[in-house]
Amino acid sequence: MTFSWATYFTLAQELFKNAPNSPLQEARLRSAISRAYYAVFNESRVFLEARIPNVNIPKTGAAHNVVPDLLIHHSLSNQNWVSVGNKLKRLKGYRRQADYDNRINQLPKTAQLSILEASSALALLKNL
């Protein structure tokens with residue numbers, strides 16, 4: 105059975121929705137940001153593997169740069185691919201903050217932005 109990476113986005117939405125008034129509010133918001141990123145990253149990776157013959161996406165951390173760069177710069181790329189690539193780069197920045205920074209200014213707003221960006225990117229990918 106193939107895993108649907110978009111379900112990470114559903115989890116991100118659930119975490120975000122249930123964060124207010126939770127004793128785990130900050131952990132929920134940080135996790136929502138991370139899951140939103142990974143939903144788009146992995147759906148993008150699967151998309152590229154299906155569309156570009158013999159594409160070589162590493163199974164290392166380097167993939168987090170390769171995937172958005174392919175979306176933005178590949179010869180098959182179009183405006184929608186570029187848009188997804190740019191959204192993925194923004195999501196990566198939010199995810200880095202959520203995973204590594206001890207303090208995040210406006211965490212709820214960052215989580216909300218992550219949900220909106222991921223929703224938009226996933227909708228674009230679905231229609232490509």
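The sequence shown lines up with residues 105 to 232 when you count with my numbering.
All residues carry an ideal CB built from backbone N, CA and C; glycine is no exception.
Output yes or no for whether 8 Å exceeds the beta carbon distance between residue i and residue j.
i, j, result
"Phe113", "Leu226", "yes"
"Tyr141", "Tyr198", "yes"
"Ala222", "Ala123", "no"
"Val171", "Leu228", "no"
"Ala116", "Ile208", "no"
Looking only at C-alpha atoms, which of the options sits nearest to residue i?
i, options, result
"Pro212", "Ala131, Lys163, Leu115", "Ala131"
"Asn231", "Gln117, Asn182, His168, Thr164", "Asn182"
"Glu135", "Trp109, Asn146, Ala202", "Position check: residue 135 holds Ser in this sequence, whereas Glu was assumed. Here the closest residue by C-alpha is Ala202."
"Glu118", "Arg139, Asn190, Met105, Pro127", "Arg139"
"Thr111", "Trp185, Gln216, Phe145", "Phe145"
Measure the alpha-carbon distance for residue i versus residue j and round it to whole angstroms.
i, j, result
"Ile176", "Lys196", "15 Å"
"Leu133", "His178", "33 Å"
"Gln129", "Glu147", "27 Å"
"Val256", "Ala166", "Residue 256 falls outside the range modelled here, since the chain spans only 105 to 232, and no answer is possible."
"Thr214", "Leu192", "14 Å"
"Val186", "Leu174", "9 Å"
"Asn184", "Pro127", "39 Å"
"Arg194", "Met105", "31 Å"
Mark residue i as exposed unless 16 or more other C-beta atoms lie within 10 angstroms of its C-beta, in which case mark it buried.
i, result
"Lys121", "exposed"
"Arg149", "buried"
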